[in-house]
Amino acid sequence: MVRGPCYDKHGVKKGAWSEEEDNTLRAHIEKYGHSNWREVPKLAGLSRCGKSCRLRWMNYLRPNVKHGNFTKEEEDIIINLHNKLGNKWSAMATRLPGRSDNEIKNHWHSHLKNRTIRNDRVRSPEADGVTRKGFLAKNPNLKTQQEVDVLLAVLSSNQFPSSSSSASESCSLSVSDYAVSDDFTPQFCEPDSNLWNEILSANDMSSGTIFSPVGLSDDLTSQAYLHDYVMDDELFWSTSDLYM
DNA sequence: AAGTACTCCAACCGCGACGGA
DNA sequence: TTCCGTCGCGGTTGGAGTACT
Numbered sequence: 019m020v021r022g023p024c025y026d027k028h029g030v031k032k033g034a035w036s037e038e039e040d041n042t043l044r045a046h047i048e049k050y051g052h053s054n055w056r057e058v059p060k061l062a063g064l065s066r067c068g069k070s071c072r073l074r075w076m077n078y079l080r081p082n083v084k085h086g087n088f089t090k091e092e093e094d095i096i097i098n099l100h101n102k103l104g105n106k107w108s109a110m111a112t113r114l115p116g117r118s119d120n121e122i123k124n125h126w127h128s129h130l131k132n133r134t135i136r137n138d139r140v141r142s143p144e145a146d147g148v149t150r151k152g153f154l155a156k157n158p159n160l161k162t163q164q165e166v167d168v169l170l171a172v173l174s175s176n177q178f179p180s181s182s183s184s185a186s187e188s189c190s191l192s193v194s195d196y197a198v199s200d201d202f203t204p205q206f207c208e209p210d211s212n213l214w215n216e217i218l219s220a221n222d223m224s225s226g227t228i229f230s231p232v233g234l235s236d237d238l239t240s241q242a243y244l245h246d247y248v249m250d251d252e253l254f255w256s257t258s259d260l261y262m
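So for the first sequence, the working numbering puts the first residue at 19; every next one is plus one.
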């Protein structure tokens, strides 16, 4: 699943991180922080570039990072935000607690993109029970994945009527239920200090329930506040005991 | 059972933005 | 104002695991 370790011409290690490297990086950052990523690997004694360390920290080692399946609520938020923001993965990540931009991006491309195409177009051959392989078997003249994708897209936009299909219903999303208003803009100002108390007392941060779409609408902005601060490393260091 | 095709995701790469000298 | 170093973002790739033939 991951690239095997290797070294470039400067002796910088690339590829998958070992558990030992993870522990070294984590220990170093927890102790000294990461004011300068370039210096981190040198100071920590890692044969990695600063970029690689940053990526590893942000996507995997950082506290509060969640792994595993996305909830339907998270998927709905991603789809909705993608409608509003486009491929602004980092902006989306600030609104999904514990999810990295990379993880959101991957999940979008592997799971959600096709689903939204189906929703937009209502039905696609795949939604109609035709797998890519089956489709390819029936169209052996298609040589590349791109050709298949293009034809599937064309078919999904033209061929299938919108009225029928239990398949489309089975994968339907009520994104509009969680719609963000058109004039929604991220807020980055200092939240009222009472907000913290209210939010922390009302929500279990580790469960992610704070981002439940139930009653989302007007709360999204304040939730964005919260997450911007939760995911800010400096704040985390000062409040980490709240979550650990 | 073996070979092939496909999926998924961690990690890499390139580039633009930004800040300091 | 310009240059340079660093950071962060988004696109892309590599390859292990899984599904299919």
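We treat Cβ as the ideally placed atom computed from N, Cα and C, and that holds for glycine. Remember, predicted model here, so these are calculated numbers, not experimental data.
Legend entry - Residues bridged to residue 25 (per DSSP): One-based indexing of the first sequence puts residue 25 at position 7. Within the DSSP bridge table, the entry for residue 25 names 31 as partners.
Inset, instruction - Classify residue 66 as buried or exposed, calling it buried when 16 or more other Cβ atoms lie within 10 Å of its own Cβ. - result: By 1-based counting over the first sequence, the position of residue 66 is 48. Residue 66 sits buried, since 16 or more C-beta atoms from the chains shown fall within 10 Å of its C-beta.
Legend entry - Reference residue 95, options 46, 115, 84, 79, closest by Cα: For the purposes of this step, residue 95 is taken as residue 77 along the first sequence, with counting starting at 1. For the options 46, 115, 84, 79, the alpha carbon positioned closest to that of residue 95 is the one of 115.
Legend entry - Nearest-angstrom Cα separation, counted from residue 58 out to residue 46: Taking the first residue of the first sequence as 1, we reach residue 46 at position 28. Taking the first residue of the first sequence as 1, we reach residue 58 at position 40. Approximately 8 angstroms, taken between the alpha carbons.
Legend entry - Nearest-angstrom Cα separation, counted from residue 125 out to residue 111: Locating residue 111 in the first sequence gives position 93, where the first residue counts as 1. Locating residue 125 in the first sequence gives position 107, where the first residue counts as 1. Computed Cα separation, rounded: 12 angstroms.
Inset, instruction - Kindly indicate which three-state DSSP category residue 83 falls into: helix, strand or coil? - result: Counted from its first residue, the first sequence places residue 83 at position 65. Coil at residue 83, not helix or strand.
Legend entry - Beta-carbon spacing of residue 117, residue 84 below 8 angstroms: Numbered from its first residue, the first sequence carries residue 117 at position 99. Numbered from its first residue, the first sequence carries residue 84 at position 66. For residue 117 and residue 84, yes; Cβs fall inside 8 angstroms.
Legend entry - Top-ranked residue by Cα proximity to residue 30, from 103, 113, 60: What you label residue 30 is simply residue 12 of the first sequence in a count that begins at 1. It is 60.
Inset, instruction - For residue 41, count neighbouring Cβ atoms within 10 angstroms of its own Cβ and tell me buried if that reaches 16, exposed if not. - result: To locate residue 41, count along the first sequence from 1; it is residue 23. With fewer than 16 Cβ atoms within 10 Å of its Cβ, residue 41 is classed as exposed.
Inset, instruction - For residue 301, I'd like the list of residues in its chain whose CB is within less than 7 angstroms of its CB, leaving aside the five on either flank, ordered along the chain. - result: Only positions 19 to 262 of the chain appear in this structure, which leaves residue 301 out of reach.
Legend entry - Cβ separation of residue 79 and residue 43, assumed to be a contact under 8 angstroms, to the nearest whole Å: By 1-based counting over the first sequence, the position of residue 79 is 61. By 1-based counting over the first sequence, the position of residue 43 is 25. Rounded, the Cβ-Cβ distance is 6 angstroms, consistent with contact.
Inset, instruction - Give the range of the alpha helix (DSSP H) segment to which residue 46 is assigned. - result: By 1-based counting over the first sequence, the position of residue 46 is 28. Run containing residue 46: 37–50, per the alpha helix (DSSP H) assignment.
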